[in-house]
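Colleague: Below you'll find the structure I mean.
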Amino acid sequence: MRRLLMEHCGDAEIENTWKTFFCVSANLSSGEATVHKEGYLWRALRASAAIPGVVPPVVVDGQLFVDGGIINNFPASVLSSMLRGPVVGVGVTSDWKLEAQTVDIEDKSLLWLLGKGRKEAPNIVRILTRSGTISGDLQTAANRAAVDILIHPELGSIDMWSFRALDKAVEAGYRAAAAGIERIKQGLVVETPKWANFWR
Numbered sequence: 082m083r084r085l086l087m088e089h090c091g092d093a094e095i096e097n098t099w100k101t102f103f104c105v106s107a108n109l110s111s112g113e114a115t116v117h118k119e120g121y122l123w124r125a126l127r128a129s130a131a132i133p134g135v136v137p138p139v140v141v142d143g144q145l146f147v148d149g150g151i152i153n154n155f156p157a158s159v160l161s162s163m164l165r166g167p168v169v170g171v172g173v174t175s176d177w178k179l180e181a182q183t184v185d186i187e188d189k190s191l192l193w194l195l196g197k198g199r200k201e202a203p204n205i206v207r208i209l210t211r212s213g214t215i216s217g218d219l220q221t222a223a224n225r226a227a228v229d230i231l232i233h234p235e236l237g238s239i240d241m242w243s244f245r246a247l248d249k250a251v252e253a254g255y256r257a258a259a260a261g262i263e264r265i266k267q268g269l270v271v272e273t274p275k276w277a278n279f280w281r
């Protein structure tokens, strides 16, 4: 991941990007959210994508940084505080739920785990991903109040690891954005006072 990000971003620094940019990571050393507004773009992106237990953390000056979703999974309030204009939020949570079809996973044999376990028990990557982001979900509802416009695509069972469903996810996002633009044209979106306008 680091190699690819450095290859695409080079030595670009956040403060010099042609459009204002920020991303959020979680500082495991201090237990606080870090808003990246300056420094190397590749490093900030790498930190914000470091899902705990799945991707190694980024180390800067002895501090460990991981995906900011474990603290703030929808940092609309950060953007709103910048007073740059109307805030458009895109909620990409899906209806997929982490569930198991069996209640006695620990009593199963290795042969069962290798066979049926893939379908009846969630894998370790999904468990770690959910564990690392569940606390951030608690803030999402409150942060949605900071947006003027909220686009929420119908993703159904598509989750962040559904790589084969990329085209389907893109299409859902396109339809939701088009519906949102139409509502704006019709004057159905109220920008002040701030509240979230939901459409699907």
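Add 81 to the 1-based position in the sequence shown for my numbering, that's all there is to it. All residues carry an ideal CB built from backbone N, CA and C; glycine is no exception.
#1: What three-state label does DSSP hand Val-136 in the structure shown?
#2: Ile-232 by DSSP, collapsed to three states: which one?
#3: Quick one: what's got a C-beta closer than 6 Å to Met-87's C-beta in the same chain, skipping five residues either side?
#4: Could you pull the start and end residues of the alpha helix (DSSP H) that Ala-157 belongs to?
#5: Find out if the Cβ-Cβ distance for the pair Pro-137, Asp-148 is shorter than 9 Å.
#6: Among residues of its own chain, excluding the 5 on either side of Ala-258, which ones have a beta-carbon nearer than 6 Å to its beta-carbon?
#7: Span of the alpha helix (DSSP H) holding Val-173?
#8: Just to confirm, are Leu-85 and Asn-108 a CB contact at a threshold of 9 Å?
#9: Which residues share a DSSP beta bridge with His-117?
#10: Could you check the C-alpha separation between Phe-103 and His-117 for me, to the nearest Å?
#11: If you draw a straight line from the C-alpha of Ser-106 to the C-alpha of Lys-100, how long is it?
Modeller: Result, derived from the coordinates:
#1: coil
#2: The answer is strand: DSSP assigns Ile-232 an E or B state.
#3: Trp-123
#4: 157 to 162
#5: no
#6: Ile-232
#7: Element bounds for Val-173: n/a, residue is neither H nor E.
#8: no
#9: Cys-104
#10: Taking the straight line from one Cα to the other gives about 5 Å.
#11: 20 Å
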